[in-house]
Amino acid sequence: MSEARTMHTASILCNGKVLIVGGRGYSDYGSYLNTTELYDRFTGVWTQTGSMSYGRYAHKAVLLNNGKVLVTGGISSSGYLTIAELYDPLTELWTKTGKMTTGR
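Quick note, the sequence shown lines up with residues 153 to 256 if you use the numbering used here.
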């Protein structure tokens with residue numbers, strides 16, 4: 153992992169890789185991370201992948217039936233987030249998708 157972090161999520165993708173999302177910087181606990189990394193458990197190699205629009209920690213991530221990962225809620229420097237973001241492992245891009253009524 154290129155950036156130590158805590159309070160992040162880890163999701164196993166359909167291709168067997170593990171997607172690590174957001175969290176707080178471990179060495180600089182005040183930082184809210186928008187960065188994401190992929191771990192290939194077969195080769196043991198870490199690679200950086202796309203960044204979210206917002207740094208967040210204490211969020212939730214779920215693998216959807218279509219292979220994409222939905223990330224919701226969490227806490228950013230401005231408080232609880234209402235914005236949800238969607239990761240596409242084929243393009244390695246994040247897109248904003250919808251807004252929750254209340255930040256969580």
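The beta-carbon is built from N, C-alpha and C at its ideal position, and this holds for glycine as well. Given the structure is predicted, the values throughout are model-derived calculations rather than measurements.
Notebook entry, point to check: In the structure shown, what three-state DSSP assignment does Thr201 receive?
Noted result: Strand at Thr201.
Note to self: Distance check for Gly196 and Val170, CA to CA, integer angstroms please.
What the structure shows: Straight-line Cα distance between these residues: approximately 11 Å.
Check: If you draw a straight line from the C-alpha of Leu216 to the C-alpha of Ser179, how long is it?
Finding: The C-alpha of Leu216 lies about 32 Å from the C-alpha of Ser179.
Check: Would you say Val223 and Glu237 are within 8 Å of each other, going by their C-beta atoms?
Finding: Yes.
Next item on the list: Identify whether Ser229 lies in helix, strand or coil by the three-state DSSP scheme.
Entry: When DSSP states are grouped into helix, strand and coil, Ser229 belongs to the coil group.
Check: Applying the criterion that 16 or more other CB atoms from any shown protein chain within 10 Å of the CB defines a buried residue, is Ala162 buried or exposed?
Finding: Counting other Cβ atoms within 10 Å of its Cβ, Ala162 stays below 16 and is therefore classed as exposed.
Check: Would a C-beta distance cut-off of 8 Å place Gly202 and Cys166 closer than the cut-off?
Finding: No, Cβ-Cβ distance for Gly202 and Cys166 is not below 8 Å.
Next item on the list: Return the CA-CA distance between Arg208 and Ser228, expressed in angstroms with no decimal places.
Entry: In this model, Arg208 and Ser228 are separated by some 5 Å (Cα to Cα).
Check: Of the residues Leu233, Met204, Phe194 and Val214, which one's Cα is nearest the Cα of Thr188?
Finding: Nearest option by C-alpha distance: Met204.
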